[in-house]
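**Student:** The sequence shown begins at 3 in the numbering used here and counts up one residue at a time. C-beta atoms are modelled at their ideal positions from N, C-alpha and C, and glycine is treated no differently. On a predicted model such as this, the values are computed, not experimentally measured, just so you know.
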Amino acid sequence: MYIYNTLSLSKELFKPINEDRVLMYVCGITAYDLSHIGHARAYITFDIIYRYLRHLGYNVVYVRNFTDIDDKIIKKAIDENSTVEKISSKYIDEYHKDMDALYVLKPTYEPKATETIPEMLNLASGLIKKGNAYEINGDVFFRVSSFKDYGKLSHKNIDELVAGSRIPVNEEKENYLDFALWKKSKEGEPSWDSPWGKGRPGWHIECSAMSMKFLGESIDIHGGGSDLIFPHHENEIAQSESYTGKNFVNYWIHNGFVNINSEKMSKSLKNFITIRDVLDKFHPEALRLFFMFTHYRSFIDFSFEGVESANQSLLRLYQAVNLYEEFKKLIEENRIAVKKDGVSPTAENIENYTHDFYNSLNDDFNTAKAISVIFDLVRKTNKIINDSMVKSFVNSEDILFLDSAAAFIKKSLSGIFGLLNDDPKRFIESNQAALSVYGGGEALISAEEIKKLIDKRNKLRKNKEYGLADEIRKSLLEKGIVLEDTGFGTAYKFIGTKRQ
Numbered sequence: 003m004y005i006y007n008t009l010s011l012s013k014e015l016f017k018p019i020n021e022d023r024v025l026m027y028v029c030g031i032t033a034y035d036l037s038h039i040g041h042a043r044a045y046i047t048f049d050i051i052y053r054y055l056r057h058l059g060y061n062v063v064y065v066r067n068f069t070d071i072d073d074k075i076i077k078k079a080i081d082e083n084s085t086v087e088k089i090s091s092k093y094i095d096e097y098h099k100d101m102d103a104l105y106v107l108k109p110t111y112e113p114k115a116t117e118t119i120p121e122m123l124n125l126a127s128g129l130i131k132k133g134n135a136y137e138i139n140g141d142v143f144f145r146v147s148s149f150k151d152y153g154k155l156s157h158k159n160i161d162e163l164v165a166g167s168r169i170p171v172n173e174e175k176e177n178y179l180d181f182a183l184w185k186k187s188k189e190g191e192p193s194w195d196s197p198w199g200k201g202r203p204g205w206h207i208e209c210s211a212m213s214m215k216f217l218g219e220s221i222d223i224h225g226g227g228s229d230l231i232f233p234h235h236e237n238e239i240a241q242s243e244s245y246t247g248k249n250f251v252n253y254w255i256h257n258g259f260v261n262i263n264s265e266k267m268s269k270s271l272k273n274f275i276t277i278r279d280v281l282d283k284f285h286p287e288a289l290r291l292f293f294m295f296t297h298y299r300s301f302i303d304f305s306f307e308g309v310e311s312a313n314q315s316l317l318r319l320y321q322a323v324n325l326y327e328e329f330k331k332l333i334e335e336n337r338i339a340v341k342k343d344g345v346s347p348t349a350e351n352i353e354n355y356t357h358d359f360y361n362s363l364n365d366d367f368n369t370a371k372a373i374s375v376i377f378d379l380v381r382k383t384n385k386i387i388n389d390s391m392v393k394s395f396v397n398s399e400d401i402l403f404l405d406s407a408a409a410f411i412k413k414s415l416s417g418i419f420g421l422l423n424d425d426p427k428r429f430i431e432s433n434q435a436a437l438s439v440y441g442g443g444e445a446l447i448s449a450e451e452i453k454k455l456i457d458k459r460n461k462l463r464k465n466k467e468y469g470l471a472d473e474i475r476k477s478l479l480e481k482g483i484v485l486e487d488t489g490f491g492t493a494y495k496f497i498g499t500k501r502q
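1) Can you tell me the Cβ-Cβ gap for residue 23 and residue 418, rounded? I've got them flagged as a contact below 8 Å.
2) Would you grab the beta carbon distance between residue 206 and residue 181 for me? Rounded to a whole angstrom, and I think it's under 8 Å.
3) Residue 189 to residue 235, Cα distance in whole Å?
4) Secondary structure at residue 259, three-state DSSP: helix, strand or coil?
5) Please specify which runs of the beta strand (DSSP E), each continuous and at least 3 residues long, are wholly inside the region 309-377, giving them in chain order.
6) Please say whether residue 254 and residue 8 have beta carbons closer to each other than 8 Å?
7) By DSSP, does residue 387 sit in helix, in strand, or in coil?
8) What does the alpha-carbon distance come out to for the pair residue 404 and residue 319?
9) Roughly how many angstroms separate the alpha carbons of residue 95 and residue 69, rounded to a whole number?
10) Which partner residues of residue 284 appear in the DSSP bridge assignment?
11) Do you know whose CA, among 178, 151, 210, 263, lies nearest residue 113's CA?
12) Tell me whether residue 287 is buried or exposed, calling it buried when 16 or more other Cβ atoms sit within 10 Å of its Cβ.
13) Since residue 183 is in the beta strand (DSSP E), which residue starts that stretch and which ends it?
14) Of the residues 135, 483, 5, which one's Cα is nearest the Cα of residue 314?
15) Of the residues 396, 42, 57, which one's Cα is nearest the Cα of residue 334?
16) Rounded to a whole number of angstroms, what is the C-alpha to C-alpha distance between residue 339 and residue 383?
17) Hey, residue 25 and residue 217 are a contact pair by Cβ (cut 8 Å); roughly how many whole angstroms apart?
18) Considering only the alpha carbon of each residue, which of 387, 77, 18 lies closest to residue 60?
19) May I ask you to verify whether the region 279-299 touches the region 365-372, counting CB pairs closer than 8 Å and requiring at least 3?
20) Could you tell me the alpha carbon to alpha carbon distance between residue 225 and residue 117, rounded to whole angstroms?
21) Quick one: is residue 392 buried, meaning 16 or more other Cβ sit within 10 Å of its Cβ, or exposed?
22) One question on the structure: do residue 250 and residue 262 come within less than 8 Å of each other, judged by their Cβ atoms?
23) Measuring alpha carbon to alpha carbon, tell me which of 110, 98, 317, 11 ends up nearest residue 63.
24) Could you check which residue in 121, 150, 252 has the C-alpha nearest to that of residue 215?
25) Closest to residue 247 by C-alpha separation, out of 265, 220, 273, 272, would be which residue?
26) If I'm right that residue 198 touches residue 140 with Cβ under 8 Å, what's the distance once you round it to whole angstroms?
27) Provide the residue span of the beta strand (DSSP E) that contains residue 60, from first to last.
28) For a test of the three-state rule: what should DSSP assign to residue 473, helix, strand or coil?
29) Alpha carbons only, please: which of 154, 150, 223 is nearest the one belonging to residue 51?
30) Could you check whether residue 305 and residue 259 sit closer than 8 Å to each other, using their CB atoms as the reference points?
31) Using CA atoms only, rank isn't needed, just tell me which of 44, 450, 158, 104 is closest to residue 11.
32) When DSSP builds the beta bridges, which residues end up paired with residue 253?
33) Using the Cα positions of residue 353 and residue 316, report the straight-line distance between them to the nearest angstrom.
34) Using three-state DSSP, classify residue 45 as helix, strand or coil.
35) Relative to the C-alpha of residue 185, which residue among 154, 162, 325, 138 is closest?
36) What alpha helix (DSSP H) runs, 4 residues minimum, are completely inside the region 99-180?
Printed below as a string of structure tokens:
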């Protein structure tokens, strides 16, 4: 398996520190507001990586933290006349609800920054002793000039970083890029005792301390959004490697940004979309699949139309699973015969598909390619089943292929991609009952009306009145509904209508 490493800007063969154990840390949220779709992309991305590594047989120790003390949390507490603890607890709970709804697995550990204060104090004290940090009036800063490799993750030299930095100016610091390890507390702020007086931790030291506490001084994978490369992850490397004298992380993985209709998502542009905004309109698996259609390192342009399209693709997957299950019932009821009449003209080796699937995921977790393999396999299985329905028999070799394909599809979609958590029939029925333009509003036609028209069309076709039957098909198509004639009757799906 090859992983793209931000540190080397290249794909590298994955070799964990321990042969069968993977140590992985992903930066979590700052708990002061509802999580947005940028968070969804990051945590779905690393959820799939986590699932896939476990699928390959690795024992993955996965840490994803919470920043529960921060300037933004303090401001929110003041604005709402609340406390930092209440604000952070509230939004950690809301985050968990969102992750559960998105079928994101819980990590091995979810530490909070405030639970790791002793480790942060030890780290800051150790850096001062080594000459990598200094204290001024109760604040402790990391001395960037003491770490010769500073800038190696963002691939910039110190002069470039100074020129392009948004770091707040502090006249007390020795160097513009020096960053806070410990901050002297202000009146009314939460604080902890330290060798330098009452204070609270800086942001960057939190992740180093939590990573070392739960995973040790050197880890395999550290992940997060691309916006964290500098200064956060750059600073993590500097303080961690200065403290231990060891390599901190072997593979740095960063997911791309999420834009909204080709613009950067931000509250100032009023295009800020929370996870709840999406889940109010769509099945959570549709959002997972939407992100999977784009490689995790590429930026993605979010739109509700895009999620609607992903939902239709998701529907095809559920329909394929349901079609197979119904077909197997017909065989059990002897309504479809099984013939052993030599080699099937449609028979294929399932390994052709599994090979391409694993090759895709082993190439830097390329979900877009891997899911396309699944859809190729779905098309193949659907064709075999529908052809068999017409003939009223199925070749025994095709049955073996269908059984292997169904098992592989279910295992891959459920275990690795976090899909197919719903009952197929229920999912299909709920989609058919909710045929409306994305975002709500009245449906163009009800599911009951569609069923009546399908029944009428079937009677017309039976009476060979194909012209009138086709008029019904066309009228439904104008409403954004496509009819699909299968061996089990006529199904339908919503493809949307042209919007003015």
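**Tutor:** Taking the coordinates as given:
1) Walking along the sequence shown from the start, residue 23 turns up at place 21. Walking along the sequence shown from the start, residue 418 turns up at place 416. In fact, because the Cβ distance is near 20 Å, the residues do not count as touching under 8 Å.
2) The count along the sequence shown starts at 1 and reaches residue 206 at position 204. The count along the sequence shown starts at 1 and reaches residue 181 at position 179. So it is a contact: roughly 6 Å between Cβ atoms.
3) Here residue 189 refers to the residue found at position 187 of the sequence shown. Here residue 235 refers to the residue found at position 233 of the sequence shown. Rounded to whole angstroms, residue 189 to residue 235 spans 30 Å at the Cα level.
4) Against the sequence shown, residue 259 aligns to sequence position 257. Correct three-state label for residue 259: coil.
5) 339-341
6) Along the sequence shown, one-based indexing puts residue 8 at 6. Along the sequence shown, one-based indexing puts residue 254 at 252. In this structure, residue 254 lies closer than 8 Å to residue 8 by Cβ.
7) The residue you call residue 387 lines up with position 385 of the sequence shown. Three-state DSSP puts residue 387 in a helix.
8) Here residue 404 is taken as the residue at index 402 of the sequence shown, counted from 1. Here residue 319 is taken as the residue at index 317 of the sequence shown, counted from 1. Approximately 15 Å between the Cα atoms of the pair.
9) Locating residue 95 in the sequence shown gives position 93, where the first residue counts as 1. Locating residue 69 in the sequence shown gives position 67, where the first residue counts as 1. Roughly 13 Å between the two C-alpha positions.
10) Walking along the sequence shown from the start, residue 284 turns up at place 282. Residue 284 is not bridged to any residue.
11) Working through the sequence shown from its first residue, we reach residue 113 at position 111. That would be 210, whose Cα lies nearest to the Cα of residue 113.
12) As a working note, residue 287 is residue 285 in the sequence shown. Looking at its Cβ environment, which holds 16 or more other Cβ atoms inside 10 Å, residue 287 is buried.
13) The residue you call residue 183 lines up with position 181 of the sequence shown. 181-186 is the span of the beta strand (DSSP E), which, as asked, contains residue 183.
14) Your numbering for residue 314 matches position 312 in the sequence shown. Looking at the Cα atoms, 483 is the closest of the given residues.
15) Counting from one through the sequence shown, the residue named residue 334 turns up at place 332. Minimum Cα distance to residue 334 is reached at 396.
16) Along the sequence shown, one-based indexing puts residue 339 at 337. Along the sequence shown, one-based indexing puts residue 383 at 381. Roughly 17 Å separates the two Cα atoms.
17) Taking the first residue of the sequence shown as position 1, residue 25 is located at position 23. Taking the first residue of the sequence shown as position 1, residue 217 is located at position 215. Residue 25 to residue 217, Cβ: 4 Å. Contact.
18) Here residue 60 refers to the residue found at position 58 of the sequence shown. Checked all of 387, 77, 18; the closest Cα to residue 60 is 18.
19) yes
20) Counting from 1 along the sequence shown, the entry for residue 225 is found at position 223. Counting from 1 along the sequence shown, the entry for residue 117 is found at position 115. The alpha-carbon atoms of residue 225 and residue 117 are separated by roughly 21 Å.
21) In the sequence shown, counting from the first residue as 1, residue 392 sits at position 390. So residue 392 ends up on the exposed side.
22) In the sequence shown, counting from the first residue as 1, residue 250 sits at position 248. In the sequence shown, counting from the first residue as 1, residue 262 sits at position 260. For residue 250 and residue 262, no; Cβs fall outside 8 Å.
23) Taking the first residue of the sequence shown as 1, we reach residue 63 at position 61. Minimum Cα distance to residue 63 is reached at 110.
24) Within the sequence shown, numbered from 1, the residue matching residue 215 stands at position 213. Per the Cα distances, 121.
25) Start at 1 with the first residue of the sequence shown, and residue 247 comes out as number 245. Minimum Cα distance to residue 247 is reached at 220.
26) In the sequence shown, residue 198 corresponds to position 196, counting from 1. In the sequence shown, residue 140 corresponds to position 138, counting from 1. Yes, residue 198 and residue 140 are in contact; Cβ-Cβ is about 5 Å, under 8 Å.
27) What you label residue 60 is simply residue 58 of the sequence shown in a count that begins at 1. That residue, residue 60, is in no beta strand (DSSP E); it is neither H nor E in DSSP.
28) As a position in the sequence shown, residue 473 is number 471, starting the count at 1. DSSP places residue 473 in helix when its eight states are reduced to three.
29) Against the sequence shown, residue 51 aligns to sequence position 49. Measuring from the Cα of residue 51, the nearest candidate turns out to be 223.
30) Numbered from its first residue, the sequence shown carries residue 259 at position 257. Numbered from its first residue, the sequence shown carries residue 305 at position 303. Not a contact, by the Cβ cut-off of 8 Å.
31) As a working note, residue 11 is residue 9 in the sequence shown. Among 44, 450, 158, 104, the Cα nearest to that of residue 11 belongs to 158.
32) Here residue 253 refers to the residue found at position 251 of the sequence shown. 223.
33) The residue you call residue 353 lines up with position 351 of the sequence shown. The residue you call residue 316 lines up with position 314 of the sequence shown. Distance between the alpha carbons of residue 353 and residue 316 is about 24 Å.
34) One-based indexing of the sequence shown puts residue 45 at position 43. In this structure, residue 45 counts as helix in the three-state DSSP scheme.
35) Counted from its first residue, the sequence shown places residue 185 at position 183. Of the candidates 154, 162, 325, 138, the one whose C-alpha sits nearest the C-alpha of residue 185 is 138.
36) 119-131, 160-166
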